[in-house]
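Going down the list, the sequences are from chains A and B.
Its first residue numbered 0, the first sequence is counted upward by one per residue in numbering that gives the first Met the number 0.
Its first residue numbered 0, the second sequence is counted upward by one per residue in numbering that gives the first Met the number 0.
Each residue gets a CB set at the ideal place from its N, CA and C atoms; glycine is no exception.
Bear in mind the structure is a predicted one, so any value in this text is a computation, not a measurement.
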Amino acid sequence: MSLSDFELIKLCLTGKDDAFTELIGRYKYNLAKVIYNLTRNRDEVNDLLQEVFIKIYKSLRQYNPEHTFAAWSTRIAVNHCLDQLRRQKPLPVPLEDSPKLHGNSDSPEEAYLKEESRRILRQTVEELPEKYRIPLILYHQNGLSYQEMVTVLGLPLTIIKNRLYRARLILREKLTAGKEVLR
Amino acid sequence: MSCKKWRNLIMKKIDGTTNDIENQNLSLHLEGCPICRNLEQDLKRVLAELEEEPPLDLEIDPMLEVKVMQMIRHKEMRTTIYNEYVWLAGVGLILLLMAVLLGGSLENFSFFNLFLKAGRQLSQITNILTKLEIVYSIIRPFVFQGLNTIAQWVLAIYKGSVLVAMILLIRFISIQKNCGD
Chain A
0 MSLSDFELIK LCLTGKDDAF TELIGRYKYN LAKVIYNLTR NRDEVNDLLQ
50 EVFIKIYKSL RQYNPEHTFA AWSTRIAVNH CLDQLRRQKP LPVPLEDSPK
100 LHGNSDSPEE AYLKEESRRI LRQTVEELPE KYRIPLILYH QNGLSYQEMV
150 TVLGLPLTII KNRLYRARLI LREKLTAGKE VLR
Chain B
0 MSCKKWRNLI MKKIDGTTND IENQNLSLHL EGCPICRNLE QDLKRVLAEL
50 EEEPPLDLEI DPMLEVKVMQ MIRHKEMRTT IYNEYVWLAG VGLILLLMAV
100 LLGGSLENFS FFNLFLKAGR QLSQITNILT KLEIVYSIIR PFVFQGLNTI
150 AQWVLAIYKG SVLVAMILLI RFISIQKNCG D
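Listed below in structure tokens is the structure:
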């Protein structure tokens with residue numbers, strides 16, 4: 000029977016490193032996705048992931064079992080990525096990070112139009128102010144619930160709901176004003 | 000109900016938290032209000048596109064777990080070594096103070112001469128420590144490959160050598176002082 004996250008954390012705190020290896024295995028994909036969605040840089044994901052897990056390990060004693068480990072670790076990942084992004088100058092989205100053309104039934108022209116539409120959408124999201132961009136990404140791309148976002152962002156539910164509401168409206172306004180989303 | 004209130008309901012519907020009655024009322028409103036209808040359609044399309052990112056083909060380092068654990072152990076080892084240095088510095092200071100205070104009789108006592116002698120001896124000890132440091136830096140890679148036991152032995156020998164060196168220093172200073180007297 001597999002141990003719960005909290006049991007693994009307790010084992011980590013008694014010096015059993017294997018327990019932390021197990022936690023890394025469980026959450027590396029989720030956190031990699033969060034990191035990628037926030038930074039949009041494939042090359043940095045693995046380095047940032049390592050740094051995030053080291054921060055998590057160092058903070059294990061502060062873990063509060065009232066929150067899920069998933070939300071708590073996401074909070075650390077989000078804060079770490081935001082710190083990194085604030086230190087760096089904003090970079091244009093690298094070409095290689097544009098969505099790749101996966102094999103599907105679309106004709107080359109349709110596939111190109113979809114790609115272009117996604118690129119514009121991604122760029123518009125990137126340009127949103129941080130306070131609107133982060134809830135939008137966490138909710139719509141990482142699938143976090145409102146309650147998880149309360150833990151991750153450390154903000155009251157009403158503020159999060161309000162920001163997400165505003166983010167959706169701004170996004171819609173920007174994309175439809177320029178007729179940028181290809182229909 | 001104003002359009003702002005209907006907008007709230009549209010957002011609620013996007014979150015999937017509306018009930019049947021709210022859905023029904025909203026549908027009726029959308030039929031007669033092109034502004035809200037456009038908003039709902041635009042939001043649905045934009046957010047669906049946002050959520051429909053192509054599957055991520057991120058290549059996560061297969062050695063991630065190993066690397067993270069190595070870095071954690073490396074940092075812990077560095078903290079331990081730092082603590083050892085602090086410990087040694089503390090012991091050194093206490094021994095030096097003892098040497099100064101117990102190094103000879105109070106007659107013709109000269110702090111200057113004593114510090115001069117102690118300084119010469121300490122420079123020799125520093126040389127020894129530097130050499131030990133070099134030896135330690137050579138064996139350190141092996142230490143992080145799992146030979147922690149050896150590292151601890153070396154560290155113990157290292158500590159022991161410094162202690163012996165300090166004791167010899169006190170003895171030497173004491174003899175020198177007595178000869179001087």
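Given residue i as reference, the closest of the options once Cα atoms are compared
i	options	result
A:V44	B:L38, B:L96, B:D56 and B:L42	B:D56
B:F67	A:K160, A:K57 and A:E114	Here residue 67 of chain B is Val; the residue named in the question, Phe, does not match the sequence. The shortest C-alpha separation from B:V67 is found at A:K57.
B:K158	B:N126, B:I124 and B:L87	B:L87
A:K113	B:V153, B:R77, B:C35 and B:E51	B:E51
A:G153	A:H66, A:E21 and A:D17	A:H66
B:S136	B:E48, B:L49, B:A164 and B:R77	B:R77
B:N7	B:E39, B:W152 and B:G91	B:E39
A:L127	A:Q83, A:K173, A:P64 and A:R85	A:K173
B:L154	B:I20, B:Y84 and B:N18	B:Y84
B:T16	A:D16, A:Y145, A:I159 and A:T175	A:Y145
A:D42	B:E58, B:P33 and B:C32	B:E58
B:T31	B:G89, B:W5 and B:I166	The sequence given here has Gly at residue 31 of chain B, not Thr. Comparing Cα positions, the closest option is B:W5.
Where residue i falls: helix, strand or coil (DSSP)
i	result
A:R39	coil
A:S72	helix
A:P98	Because A:P98 carries a pLDDT of 48, less than 50, the predicted location of this residue cannot be relied on, and no value is offered for it.
A:Y62	coil
B:M70	helix
B:I59	coil
A:P128	coil
A:K15	coil
A:R182	Low local confidence applies: a pLDDT of 42 at A:R182 is under 50, so the model's placement there is unreliable, with the coordinate-based value given in what follows. Reduced to three states, the DSSP call for A:R182 is coil.
A:S116	helix
B:S160	helix
B:E51	coil
B:R170	helix
B:S1	coil
A:S106	coil
A:Q140	coil
A:Q87	coil
B:N7	helix
A:T67	coil
B:G89	helix
A:G153	coil
Beta-carbon spacing of residue i, residue j below 8 angstroms
i	j	result
A:I119	A:L37	no
A:S72	A:I55	yes
B:L42	A:R171	yes
B:I9	B:L27	no
B:L94	B:I172	no
B:L121	B:S160	no
A:A70	A:E147	yes
A:I23	A:L59	no
A:T13	B:E64	no
B:R36	B:L46	no
B:L49	A:H139	yes
A:L163	A:P134	yes
B:M70	A:Q49	yes
A:V151	A:V51	no
Delimiting residues of the alpha helix (DSSP H) encompassing residue i
i	result
B:C32	Neither: B:C32 is in no alpha helix (DSSP H) and is coded neither H nor E.
A:T175	L156 to A176
B:T16	From DSSP, B:T16 is part of no alpha helix (DSSP H); its letter is neither H nor E.
A:L2	That residue, A:L2, is in no alpha helix (DSSP H); it is neither H nor E in DSSP.
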